[in-house]
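Residue numbers (the numbering used here), protein chains in the order written: chain A, 8 to 290; chain B, 51 to 353. Where a beta carbon is used, it is the ideal one built from N, C-alpha and C, also for glycine. Encoded as structure tokens, the structure appears first; notes follow it.
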Amino acid sequence: MSAAWLWGSVAFWLTAWAVNVRLAARARGGGARVAIPLLFGAAVIVLWEGLVRGLGVPQVILPPPSAIAATMAANPAILWGDFVQTIVYGGLTGYAIGCGAAILVALAIDRSPFLTRGLLPVGNFVAALPIVGIAPIMVMWFGFGWQSKAAVVCAMVFFPVLVNTVAGLAAAERMQRDLMRTWGAGYGQTLVKLRLPAAMPFVFNGLKIATTLALIGAIVAEFFGSPTRGMGFRISTAVGSLALPMVWAQIAVAALAGTAFYGLVAAVERRVTFWHPSQRGRT
Amino acid sequence: MPRAARGCRMRSVLPVLTVLAAILAVWYAATIPMNARLVDGQAARAGVTLTFSERAARSMSLTRPVLPAPHQVAQALWQGIAAEPVSSKRSLVYHAIVTVEATFAGFVLGALVGIALALGIVYVRVLDLTVMPWAVISQTIPIVALAPMIVLLANATGIGDRLGVENRLVSKTLIAAYLSFFPVLVGMVKGLRAPDAMQLDLLRTWNASGWQSFAKLRLPASVPYLFASLKVAIAAALVGAIVGELPTGAVDGLGARMLVASQFGQPLLMWAALFAAAGVAGVLILAVGGLQRAVDRAMGVRG
């Protein structure tokens with residue numbers, strides 16, 4: 008029985024790979040771009056299931072995908088509660104505040120070349136620092152609730168978005184600005200009609216980097232203290248009691264939420280910056 | 051260094067110093083309202099009323115402040131670096147070395163994986179179509195969710211013992227590598243594809259083999275992209291190593307130092323560890339930048 012699982016899954020994986028090779032060699036359309044990665048993902052899951060069952064890997068090391076799916080189906084309330092606590096309250100609130108503040112600050116300092124020259128190197132440096140480290144300080148300041156998580160996320164996303172927005176506001180060319188001036192456009196009009204649209208590819212670059220940071224910040228901050236719900240809390244307690252399918256279920260939720268969040272921002276980007284060369288021809 | 055770049059750098063020194071001075075001033079000013087409750091409590095217990103200057107002085111010399119003053123952090127940092135022997139567990143240098151070890155191992159592993167995958171993606175079409183989307187998805191997964199799992203796996207399989215290193219180092223290394231492979235992958239793919247069709251055609255007219263066009267055109271063209279992404283990768287690896295220390299019950303390393311300091315209510319130690327981590331990040335990025343300049347010079351790039 009276990010040998011059947013093992014060899015069956017390996018055979019499935021090899022077949023899927025062969026199909027992918029043929030698809031990649033022939034197909035040029037958009038269908039293959041979706042089908043090939045999907046088939047690859049499915050093959051990996053089947054291989055995982057087969058290897059775990061076939062080799063008799065104990066569940067405390069690596070549970071099979073079917074056990075993880077069963078756990079997810081059995082505990083929707085817990086998973087949903089943790090998701091809301093960590094991602095919606097901690098992550099999204101912090102993301103919105105941090106990105107909003109960063110864009111406003113970028114607009115404010117953009118009016119002074121002196122400040123821009125001073126803040127840009129500092130911001131670039133701070134963006135590279137391990138800002139997750141402020142998590143214990145934020146927990147000390149704002150308590151165990153979601154507010155401290157939102158504060159960590161806010162600080163983590165602020166600098167990447169700030170640096171990208173400042174760079175984006177400088178992206179409009181001199182000629183274009185001169186043209187706006189010959190039309191008698193004021194600061195506000197130039198900003199709204201030329202410079203903000205020209206900055207959008209840069210802003211979205213920052214916003215996309217920030218999506219991943221937001222989830223990392225929200226989960227890490229829970230390791231420093233949290234109420235008795237939340238994904239970071241659940242993961243650390245479930246690992247402690249060796250309830251591995253629960254841990255993997257949380258990871259699956261985190262992965263789905265992260266991918267969906269990123270996909271959402273990328274979709275908005277496509278709508279907003281449809282004119283940019285990197286988006287053209289990707290209908 | 052080109053003269054224009056140096057001029058540009060000189061011109062931004064004054065603004066940068068101004069911004070830093072402003073940050074310090076705001077920080078000092080913020081200590082008074084942030085610590086007000088503690089200071090008032092002490093004064094009430096002692097039964098004295100404080101003038102403004104007394105209040106300011108007390109706000110900046112608490113042993114367990116809500117927000118320590120910059121000079122207190124500097125003092126704690128100095129104490130952690132210089133006052134203890136490096137072998138002592140109270141020395142920040144000791145903890146920094148532990149973290150940097152994992153950072154470095156993870157960075158090297160991540161960079162190698164990233165370069166290997168990039169080579170596969172550029173030369174094998176099916177890999178381009180399968181690996182690239184999953185590499186993007188892998189980065190949207192908050193790795194820290196996986197950190198406790200990786201620790202458990204490393205402990206359960208005893209992989210570290212077999213390799214002759216600590217299990218904890220293995221898990222931190224894996225997390226650091228996971229965070230650092232992606233920027234290298236993306237940068238390297240961009241770099242290897244940077245030569246345009248004209249240049250590739252030229253090599254073909256010279257009857258260059260596939261290996262020759264790789265070694266003489268694609269590889270040199272990718273070097274600037276590689277180093278730009280290596281700088282991102284080493285910073286990401288440091289984040290990974292620090293995060294990897296949090297859920298692992300580690301007692302050594304800057305991340306563990308922060309966790310312990312937060313649990314025992316020692317904000318000064320927490321801030322010192324945070325700034326030590328920031329300093330380590332700066333040194334690592336500068337080191338990669340130095341390596342880049344050395345490679346540039348060896349390859350004959352003229353500024």
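* How about residue 332 of chain B: is its C-beta nearer than 8 Å to some C-beta of chain A? -> Along the second sequence, read from residue 1 onward, the residue named residue 332 of chain B stands at position 282. With 8 Å as the cut-off, residue 332 of chain B counts as an interface residue toward chain A.
* **Cβ neighbours of residue 54 of chain B in the same chain (closer than 7 Å, five flanking residues each side left out)** => The residue given as residue 54 of chain B occupies position 4 in the second sequence. At residue 54 of chain B, the pLDDT of 46 sits below 50, so the modelled position is not reliable; the number obtained from the coordinates is stated separately. Sequence-distant partners of residue 54 of chain B (beyond 5 residues in either direction) whose C-beta falls short of 7 Å from its own C-beta are missing from its chain.
* What residues in its chain sit with their C-beta under 6 Å from that of residue 197 of chain A, if we drop five residues either side in the sequence? -> Position 190 of the first sequence holds residue 197 of chain A. Same-chain partners within the cutoff: 187.
* **DSSP state of residue 190 of chain A mapped onto helix, strand, coil** => One-based indexing of the first sequence puts residue 190 of chain A at position 183. Coil.
* **Where the region 174-190 of chain B meets chain A: residues whose CB sits under 7 Å from a CB there** => Cβ contacts with chain A come from 175, 176, 179, 180, 183, 184, 187, 189, 190.
* Three-state secondary structure (DSSP) of residue 340 of chain B -> Along the second sequence, read from residue 1 onward, the residue named residue 340 of chain B stands at position 290. DSSP places residue 340 of chain B in helix when its eight states are reduced to three.
* Going along the chain, which residues of its own chain have a beta-carbon closer than 8 Å to the beta-carbon of residue 285 of chain B, five neighbours each way excluded? -> For the purposes of this step, residue 285 of chain B is identified with residue 235 of the second sequence, where counting begins at 1. The beta carbon of residue 285 of chain B sits closer than 8 Å to those of 331, 334, 335, all from its chain and outside the five residues before and after it, given in chain order.
* **Closest Cα partner of residue 242 of chain B within the set B:328, B:185, B:276, B:232** => Within the second sequence, residue 242 of chain B is the residue found at index 192, counting from 1. Selected option, being the one with the closest Cα: B:276.
* Asked: Quick one: does residue 221 of chain B have its CB under 8 Å from some CB of chain A?
  -> Numbered from 1 along the second sequence, position 171 holds the residue referred to as residue 221 of chain B. It does not; no Cβ of chain A falls within 8 Å.
* Contacting residues, own chain, Cβ-Cβ under 8 Å from residue 116 of chain A (five flanking each side not counted) -> For the purposes of this step, residue 116 of chain A is identified with residue 109 of the first sequence, where counting begins at 1. 122, 123, 126, 173.
* Using a Cβ cut-off of 8 Å (strictly closer), state whether residue 56 of chain B contacts chain A. => Sequence index remark: in the second sequence, residue 56 of chain B carries index 6 (1-based). Unreliable placement is indicated for residue 56 of chain B, whose pLDDT of 48 sits below 50; no coordinate value is reported for it.
* Asked: Is residue 189 of chain B buried or exposed, if buried means 16 or more other CB atoms sit within 10 Å of its CB?
  -> As a position in the second sequence, residue 189 of chain B is number 139, starting the count at 1. With 16 or more other CB atoms across the displayed protein chains lying within 10 angstroms of its CB, residue 189 of chain B is buried.
* Does the beta carbon of residue 172 of chain A sit closer than 8 Å to a beta carbon anywhere in chain B? -> Reading the first sequence from its first residue, position 165 is the one you call residue 172 of chain A. For residue 172 of chain A, the nearest beta carbon of chain B is not closer than 8 Å to its own beta carbon.
* **Residues, ordered as in the chain, of the region 67-90 of chain B that lie near chain C by beta-carbon distance below 9 Å** => Protein chains A and B are contained in the structure displayed, whereas chain C is not.
* To do: Return helix, strand or coil for residue 177 of chain A, following the three-state DSSP convention.
  => For the purposes of this step, residue 177 of chain A is taken as residue 170 along the first sequence, with counting starting at 1. Three-state result, residue 177 of chain A: coil.
* Put residue 55 of chain A into one of helix, strand or coil per three-state DSSP. => Looking up residue 55 of chain A in the first sequence gives position 48. The answer is helix: DSSP assigns residue 55 of chain A an H, G or I state.
* Counted within 10 angstroms of its Cβ, other Cβ atoms place residue 87 of chain A as buried (16 or more) or exposed -> Numbered from its first residue, the first sequence carries residue 87 of chain A at position 80. Counting Cβ neighbours within 10 Å, residue 87 of chain A comes out exposed, since fewer than 16 surround it.
* So, is the C-beta of residue 233 of chain B closer than 8 Å to a C-beta in chain A? -> On the second sequence, position 183 is the one that residue 233 of chain B refers to. For residue 233 of chain B, the answer is no, since every Cβ of chain A falls outside 8 Å of its Cβ.
* To do: Could you work out which residues of chain A lie near residue 62 of chain B, taking near to mean beta carbons separated by less than 9 Å?
  => As a first step, residue 62 of chain B must be located in the second sequence, where it is residue number 12. The answer, in chain order, is 124, 125, 127, 128.
* Please classify residue 53 of chain B: does DSSP put it in a helix, a strand, or coil? => In the second sequence, counting from the first residue as 1, residue 53 of chain B sits at position 3. Reliability of the predicted coordinates at residue 53 of chain B is poor, the pLDDT of 45 falling under 50, and the value obtained from them is presented with this limitation in mind. Residue state, collapsed to three classes: helix.
* Helix, strand or coil for residue 182 of chain A per DSSP? -> Locating residue 182 of chain A in the first sequence gives position 175, counting from the first residue. Of the three classes helix, strand and coil, the one that applies to residue 182 of chain A here is helix, per DSSP.
* **Spatial distance of residue 303 of chain B from residue 149 of chain B (CA atoms)** => For the purposes of this step, residue 303 of chain B is taken as the residue at position 253 of the second sequence. For the purposes of this step, residue 149 of chain B is taken as the residue at position 99 of the second sequence. Cα atoms of residue 303 of chain B and residue 149 of chain B: separation of roughly 5 Å, rounded to the nearest angstrom.
* **Neighbour-count burial assignment, residue 314 of chain B, 16 or more Cβ in a 10 Å radius** => By 1-based counting over the second sequence, the position of residue 314 of chain B is 264. Classification of residue 314 of chain B: exposed, given that the 10 Å Cβ count is below 16.
* Asked: Which two residues bound the contiguous alpha helix (DSSP H) that contains residue 291 of chain A?
  -> One cannot answer for residue 291 of chain A here, as it falls past the ends of chain A, which runs 8 to 290.
* To do: For the alpha helix (DSSP H) containing residue 182 of chain B, list its first residue and its last residue.
  => Indexing the second sequence from 1 puts residue 182 of chain B at position 132. Annotation: the continuous alpha helix (DSSP H) that includes residue 182 of chain B extends over 175-190.
* Asked: In angstroms, rounded to a whole number, what distance separates the CA positions of residue 316 of chain B and residue 114 of chain B?
  -> Numbered from 1 along the second sequence, position 266 holds the residue referred to as residue 316 of chain B. Numbered from 1 along the second sequence, position 64 holds the residue referred to as residue 114 of chain B. In a straight line, the C-alpha of residue 316 of chain B is about 6 Å away from that of residue 114 of chain B.
* Asked: Going by beta carbon distance, what residues of the same chain come within less than 6 Å of residue 308 of chain B, once the five residues before and after it are set aside?
  -> In the second sequence, the residue the question calls residue 308 of chain B occupies position 258. If we look at residue 308 of chain B and ignore the five residues flanking it on each side, its Cβ neighbours are 320, 323.
* From A:21, A:42, A:22, residue whose alpha carbon lies closest to that of residue 31 of chain A -> The residue given as residue 31 of chain A occupies position 24 in the first sequence. The closest CA to that of residue 31 of chain A, considering only A:21, A:42, A:22, is found on A:42.
* Using a Cβ-Cβ distance under 8 Å, would residue 137 of chain B count as near chain A? -> Stepping through the second sequence from its first residue, residue 137 of chain B is reached at position 87. For residue 137 of chain B, the answer is no, since every Cβ of chain A falls outside 8 Å of its Cβ.
* Span separating the alpha-carbon of residue 17 of chain A from that of residue 61 of chain A -> On the first sequence, residue 17 of chain A is found 10 positions in, with the first residue counted as 1. On the first sequence, residue 61 of chain A is found 54 positions in, with the first residue counted as 1. Roughly 10 Å between the two C-alpha positions.
* For residue 220 of chain A versus residue 272 of chain A, is the C-beta distance shorter than 8 Å? -> The sequence position of residue 220 of chain A within the first sequence is 213, counting from 1. The sequence position of residue 272 of chain A within the first sequence is 265, counting from 1. Contact check for residue 220 of chain A against residue 272 of chain A fails: the beta carbons are separated by 8 Å or more.
* For residue 118 of chain B, does the count of other Cβ atoms within 10 angstroms reach 16, so buried, or fall short, so exposed? -> As a first step, residue 118 of chain B must be located in the second sequence, where it is residue number 68. Note on residue 118 of chain B: 16 or more other CB atoms within 10 angstroms of its CB, so buried under the neighbour-count rule.
* Asked: Would you call residue 173 of chain B buried or exposed, if buried means 16 or more other Cβ atoms sit within 10 Å of its Cβ?
  -> For the purposes of this step, residue 173 of chain B is taken as the residue at position 123 of the second sequence. Its Cβ having fewer than 16 others within 10 Å, residue 173 of chain B is exposed.
* Residue from B:325, B:346, B:221 with nearest C-alpha to residue 144 of chain A -> Indexing the first sequence from 1 puts residue 144 of chain A at position 137. Ranking B:325, B:346, B:221 by Cα distance to residue 144 of chain A puts B:325 first.
* Give me the Cα-Cα distance between residue 175 of chain B and residue 192 of chain A, rounded to the nearest whole angstrom. => Walking along the second sequence from the start, residue 175 of chain B turns up at place 125. Walking along the first sequence from the start, residue 192 of chain A turns up at place 185. Distance between residue 175 of chain B and residue 192 of chain A, taken at the CA atoms: about 50 Å.
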